[in-house]
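Those sequence lines, one after another, are chains A and B. Here the first sequence is numbered in the numbering used here, starting from 24 and rising by one per residue. Here the second sequence is numbered in the numbering used here, starting from 2 and rising by one per residue.
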Amino acid sequence: MGIRDLGYKRYDGKLLPHRSRYRVLIRRALSLAWGSGLMKTTLILGMFPPVICGVYIFLKHQAIQYLARSPQAPLQLDDPGSLVFTCIYWCQIWFAFVISLLAAAPSISEDVRTGAFQFYFARPVSRNHYLVGKVAPAAILVLISAVAPTLLLAVLRVGLSQTSSEAWSSTRWIVGTLAYGPVYALVLTVPPVALSSLGRRSGSLQGVWATVFFVTWLLGEGIAAGTDLPYTALLSIPTCLRLVGQLIYGLPLVYDLPWYLPAAVLAGLVGLSAFVLLRRLNRVEVFS
Amino acid sequence: MSDTRIVADRVSKWYGKVVGINDFTVSIGPGVTGLLGPNGAGKSTFIKLLVGALRPSKGKLEVLDQQIWGNRRLLTRIGYCPEHDGIYEDLTGREFVTFMARLAGMSPPEAAERAEAVLEQMGLGKAAHRLLREYSKGMRQRAKLAQALVHDPELLLFDEPLTGCDPLARAQITQMIKTAGQAGKIVIVSSHILHEIESMTSEIVLLYKGQVLAEGNIYRIRDMIDEHPHQIRVECDRPRELGQQLVLSPEIRAVEFPDEGTLVLETHQPDACYPLIPKLALAAGIKIRSLTSPDNNLQAVFEYLTQKRGPQGVARPAGLSPGPSGGEPRARQSAQDGTRGRAA
Chain A
24 MGIRDLGYKR
34 YDGKLLPHRS
44 RYRVLIRRAL
54 SLAWGSGLMK
64 TTLILGMFPP
74 VICGVYIFLK
84 HQAIQYLARS
94 PQAPLQLDDP
104 GSLVFTCIYW
114 CQIWFAFVIS
124 LLAAAPSISE
134 DVRTGAFQFY
144 FARPVSRNHY
154 LVGKVAPAAI
164 LVLISAVAPT
174 LLLAVLRVGL
184 SQTSSEAWSS
194 TRWIVGTLAY
204 GPVYALVLTV
214 PPVALSSLGR
224 RSGSLQGVWA
234 TVFFVTWLLG
244 EGIAAGTDLP
254 YTALLSIPTC
264 LRLVGQLIYG
274 LPLVYDLPWY
284 LPAAVLAGLV
294 GLSAFVLLRR
304 LNRVEVFS
Chain B
2 MSDTRIVADR
12 VSKWYGKVVG
22 INDFTVSIGP
32 GVTGLLGPNG
42 AGKSTFIKLL
52 VGALRPSKGK
62 LEVLDQQIWG
72 NRRLLTRIGY
82 CPEHDGIYED
92 LTGREFVTFM
102 ARLAGMSPPE
112 AAERAEAVLE
122 QMGLGKAAHR
132 LLREYSKGMR
142 QRAKLAQALV
152 HDPELLLFDE
162 PLTGCDPLAR
172 AQITQMIKTA
182 GQAGKIVIVS
192 SHILHEIESM
202 TSEIVLLYKG
212 QVLAEGNIYR
222 IRDMIDEHPH
232 QIRVECDRPR
242 ELGQQLVLSP
252 EIRAVEFPDE
262 GTLVLETHQP
272 DACYPLIPKL
282 ALAAGIKIRS
292 LTSPDNNLQA
302 VFEYLTQKRG
312 PQGVARPAGL
322 SPGPSGGEPR
332 ARQSAQDGTR
342 GRAA
């Protein structure tokens, strides 16, 4: 067996600008996520509730139209558009949570565990590139699984409108989803990514994220519903997300609380997570 | 060809209270340079400083005529192969190298093309589609080298590149490193094994306990080994009889018997001694079980060099420049002081 000629073949091409690293890192993370069977299953299963909701909205809208033409006493039905919020909050949150568990909670800890940091360090990847490369893919997946189908539902609702005034009033479901989507995605991705920077055991960090999410939900919602203490609902991340969603969609708040409190809690959570994340990355010498 | 240099001017790096490298001054030009030193000498620390992964605690470090710390754009001109694995196990060899090429700034088609070419050069062409978790240690090492080469950098930093490689892979990697050096690139290779470095280059920087001990031509190291009283350990059935025979030859400086069945010789002429021992043993009918050289290694050379340091600094054998930093002078207590027994 001979020894190969391992001489260099000089690269004469041009290098892309540094902003291209954002795209490279995001695409790589999305590609890795899509390679996971569990992720694919979650994304596919996540399509079913919006389809069912879409059918329901269509049928309900038809029923409202029928009843409106009926000579008998008119039977009032709610605007089927309210199902848009029901879908994004009560149905899609489960899929979004699984995605945050799979894509966000282990994102940095896996790099620490495998030692992949050393390869990032040896390339012109800045802290911002790295941060965006970790948060954005998880956020995109949450948007795809939860927000995009809901947006289609909202478009369907507008499309079913019989009059221009009905269409105009229904656009609030589209606007609401567009406004709520980023909030939803940030709350479900920034905290778990920050958690993932605190250790190297991905499984443990996923467990911590699940515990934080569900225990606060049970505690906050349980105490608030069982007692006359609505403020305890603010302990729960999902409940705050629900209250903010109701606020954005113009729906009545389920708890009698000032509108800004759940928003402030979520802003504080995301802000604190971002602070922890930046602080942890600053401890990585190359980024400081 | 490039005239760029690596210039470290009194660079120190501390990890808390632990010294990584201390008062490190060195200048490196194009070609292959070996960083030679025992474990813990500071080789990896120096390489990480060169790749900008660590910030110097003190001193000035210029890489390719620029400050490296905080200058992440300069990394497009640097290829780094770390000592330890840190590879995404779920990627194929092709995906890994292509990803690293993309991070270096190559466009997708160019990255794919270059990755293919480099993997082929590293002998991984047929294994490029396999997952990295299925690679052997040597294949992973070559994949790491491929990612360092893929963007055709001017400066190549290889931290213990031959670790875990089989003889053929070693020969291939050694050849690749030499070719890169001949092509005018600055190639820095670290190792704690003398002959590994010797097979790649004659230019070395000797590190010891975080300091530059010497820099220059590797062949002087060999001479130092010869200058240093060389020990040969012989295990045989009648060591005292063999010792009596050997001590009569002028090449033998001292003989001692550390235990039953063992003889340790000291000589300044190991090349003359190695044929002499079996010859005498054969003539006397003595059976030799083993013939080893306990101190023919780098550690012995380092100890020798550090012991030779006087108050003014390191010893200066011809062809080697002294390291800039003085070590603690140590009294030399080797064979010259006659503490060891002579065979009567």
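Backbone N, C-alpha and C fix where the C-beta goes; we use that ideal spot for every residue, glycine too.
**Prompt:** Can you tell me whether Ser244/B is buried or exposed, with buried defined as 16 or more other CB within 10 angstroms of its CB?
**Reply:** Numbered from its first residue, the second sequence carries residue 244/B at position 243. One detail in the question is off: residue 244/B reads as Gly in this sequence, not Ser. That one is buried.
**Prompt:** Leaving out the 5 sequence neighbours to the left and right, which residues in its chain are closer than 7 Å to Arg265/A when beta-carbon positions are compared?
**Reply:** Your numbering for residue 265/A matches position 242 in the first sequence. Here the set comprises Tyr112 and Val277.
**Request:** Quick one: which residues of the stretch 111-133 of chain B get their C-beta closer than 8 Å to a C-beta of chain A? List them in chain order.
**Result:** Glu111, Arg115, Ala118, Gln122, Met123 and Gly124
**Request:** Check whether the Cβ of Tyr220/B lies closer than 9 Å to any Cβ atom in chain A.
**Result:** For the purposes of this step, residue 220/B is identified with residue 219 of the second sequence, where counting begins at 1. Closer than 9 Å: no.
**Asked** Closest Cβ-Cβ distance between Gly21/B and chain A: below 9 Å?
**Response** Along the second sequence, one-based indexing puts residue 21/B at 20. So, not an interface residue.
**Asked** Is the Cβ of Leu304/A closer than 9 Å to any Cβ of chain B?
**Response** Taking the first sequence and counting its residues from 1, one reaches residue 304/A at position 281. At a cut-off of 9 Å between C-beta atoms, Leu304/A does not count as an interface residue with respect to chain B.
**Message:** One question on the structure: do Leu201/A and Leu174/A come within less than 9 Å of each other, judged by their Cβ atoms?
**Reply:** Counting from 1 along the first sequence, the entry for residue 201/A is found at position 178. Counting from 1 along the first sequence, the entry for residue 174/A is found at position 151. Yes, the pair counts as a contact, with Cβ atoms nearer than the cut-off.
**Request:** Starting from Ser93/A, trace the beta strand (DSSP E) both ways and give me its first and last residue.
**Result:** Position 70 of the first sequence, counted from the first residue, corresponds to residue 93/A. Unbroken run through Ser93/A: none, as it is neither H nor E.
**Prompt:** Do Val231/A and the ligand ATP come close, with the Cβ less than 8 Å from some heavy atom?
**Reply:** This structure does not include the ligand ATP; it has no bound ligands of any sort.
**Item:** Validate contact between the stretch 181-190 of chain B and the stretch 28-41 of chain B using beta carbons, cut 8 Å, 3 pairs
**Value:** yes
**Prompt:** Can you name the start and end residues of the alpha helix (DSSP H) that Leu38/A belongs to?
**Reply:** Position 15 of the first sequence, counting from 1, holds the residue named residue 38/A. Run containing Leu38/A: none; DSSP gives neither H nor E here.
**Asked** Between which two residues does the alpha helix (DSSP H) containing Asn151/A stretch?
**Response** Taking the first residue of the first sequence as position 1, residue 151/A is located at position 128. Residue range Arg150 to Val165 is occupied by the alpha helix (DSSP H) that includes Asn151/A.
**Request:** Compute the Euclidean distance between the alpha carbons of Gly43/B and Ala287/A, then round it to the nearest angstrom.
**Result:** Position 42 of the second sequence, counted from the start, is the residue given in the question as residue 43/B. Position 264 of the first sequence, counted from the start, is the residue given in the question as residue 287/A. Rounded to whole angstroms, Gly43/B to Ala287/A spans 50 Å at the Cα level.
**Item:** Selection from Ala181/B, Glu252/B, Leu65/B and His130/B that minimises the alpha carbon distance to Leu92/B
**Value:** Sequence index remark: in the second sequence, residue 92/B carries index 91 (1-based). Answer by Cα proximity: His130/B.
**Prompt:** What is the DSSP secondary structure of Glu84/B, reduced to helix, strand or coil?
**Reply:** As a working mapping, residue 84/B is identified with position 83 in the second sequence. Coil, per DSSP.
**Message:** To the nearest angstrom, how far is the alpha carbon of Gly320/B from that of Thr175/B?
**Reply:** The residue given as residue 320/B occupies position 319 in the second sequence. The residue given as residue 175/B occupies position 174 in the second sequence. At Gly320/B the pLDDT is 46, less than 50, meaning the model places this residue with poor confidence; the figure from the coordinates comes in the next sentence. So the alpha carbons of these two residues sit roughly 24 Å apart.
**Item:** Within 9 Å, strictly: CB atoms of Trp232/A and Pro261/A
**Value:** Start at 1 with the first residue of the first sequence, and residue 232/A comes out as number 209. Start at 1 with the first residue of the first sequence, and residue 261/A comes out as number 238. No, these two residues do not count as a Cβ contact at 9 Å.
**Asked** In its own chain, which residues sit with a C-beta less than 7 Å from the C-beta of Leu61/A, not counting the 5 before and 5 after it?
**Response** Position 38 of the first sequence, counting from 1, holds the residue named residue 61/A. Same-chain partners within the cutoff: Leu125.
**Message:** Strictly under 9 Å for the Cβ-Cβ distance: is Ala9/B near chain A by that measure?
**Reply:** In the second sequence, residue 9/B corresponds to position 8, counting from 1. No, because no Cβ of chain A sits closer than 9 Å to the Cβ of Ala9/B.
**Request:** Report the option in Asp153/B, Lys14/B, Glu117/B and Cys237/B whose CA atom is closest to the CA atom of Leu51/B.
**Result:** Sequence index remark: in the second sequence, residue 51/B carries index 50 (1-based). When only C-alpha atoms are compared, the closest one is Lys14/B.
**Item:** Cβ-based contacts, 8 Å cut-off: residues of the stretch 135-146 of chain A near chain B
**Value:** Answer set for the stretch 135-146 of chain A: Thr137, Gly138, Ala139, Phe140, Gln141, Phe142, Tyr143, Phe144, Ala145 and Arg146.
**Request:** Pair every Cβ in the stretch 50-65 of chain A with every Cβ in the stretch 142-152 of chain A, then say whether three or more of these pairs are closer than 8 Å.
**Result:** no
**N- and C-terminal bounds of the alpha helix (DSSP H) containing His196/B** = Stepping through the second sequence from its first residue, residue 196/B is reached at position 195. His196/B -> alpha helix (DSSP H) spans Leu195 to Glu199.
**Item:** Beta-carbon proximity list for Ala159/A, same chain, < 6 Å, skipping 5 on both sides
**Value:** Translated into the one-based positions of the first sequence, residue 159/A becomes position 136. Counting only Cβ-Cβ distances below 6 Å, and skipping sequence neighbours, we find Ile49.
**Item:** Residues that Ile88/B contacts on chain A, provided the C-beta gap is smaller than 9 Å
**Value:** Counted from its first residue, the second sequence places residue 88/B at position 87. In chain order: Thr137, Gly138, Ala139 and Phe142.
**Asked** Three or more beta-carbon pairs under 8 Å between the stretch 61-72 of chain B and the stretch 113-121 of chain A, yes or no?
**Response** no
**Request:** Return the first residue and the last residue of the alpha helix (DSSP H) that Cys263/A is part of.
**Result:** Taking the first residue of the first sequence as 1, we reach residue 263/A at position 240. Looking at the DSSP string, the run of the alpha helix (DSSP H) that includes Cys263/A is Ile260 to Tyr272.
**Request:** With DSSP collapsed to three states, give me the class of Phe258/B.
**Result:** As a first step, residue 258/B must be located in the second sequence, where it is residue number 257. In this structure, Phe258/B counts as coil in the three-state DSSP scheme.
**Within-9 Å CB hit, Arg13/A to chain B** = Any answer about residue 13/A is impossible in this case: the structure gives chain A only from 24 up to 311.
**Prompt:** Would a check of beta-carbon distances place Asp91/B closer than 9 Å to chain A?
**Reply:** Counting from one through the second sequence, the residue named residue 91/B turns up at place 90. Yes, contact with chain A.
**Message:** Under DSSP, the beta strand (DSSP E) around Ser13/B begins and ends at which residues?
**Reply:** For the purposes of this step, residue 13/B is identified with residue 12 of the second sequence, where counting begins at 1. Its beta strand (DSSP E) spans residues Ile7 to Tyr16.
**Request:** Return the CA-CA distance between Gln229/A and Ala128/A, expressed in angstroms with no decimal places.
**Result:** Here residue 229/A refers to the residue found at position 206 of the first sequence. Here residue 128/A refers to the residue found at position 105 of the first sequence. The straight-line gap separating the alpha-carbon atoms of Gln229/A and Ala128/A is approximately 5 Å.
**Request:** Counting only the same chain and skipping the five closest in sequence on each side, list residues whose C-beta sits under 7 Å from that of Arg141/B.
**Result:** Position 140 of the second sequence, counting from 1, holds the residue named residue 141/B. For Arg141/B, same chain residues with a beta-carbon under 7 Å away, outside a window of 5 residues either side, are Asp86, Ile88 and Leu133 in chain order.
**Asked** Is any beta-carbon of chain B found at less than 9 Å from that of Tyr48/A?
**Response** On the first sequence, residue 48/A is found 25 positions in, with the first residue counted as 1. It should be pointed out that residue 48/A corresponds to Leu in this sequence rather than to Tyr. So yes, Leu48/A belongs to the interface.
**Message:** Classify Gln85/A: buried if its beta carbon has 16 or more other beta carbons within 10 angstroms, exposed otherwise.
**Reply:** Taking the first sequence and counting its residues from 1, one reaches residue 85/A at position 62. Per the 10 Å Cβ criterion, exposed.
**Between the CA atoms of Arg306/A and Tyr16/B - distance to the nearest angstrom** = Along the second sequence, read from residue 1 onward, the residue named residue 16/B stands at position 15. Along the first sequence, read from residue 1 onward, the residue named residue 306/A stands at position 283. Those two C-alpha atoms are separated by around 13 Å.
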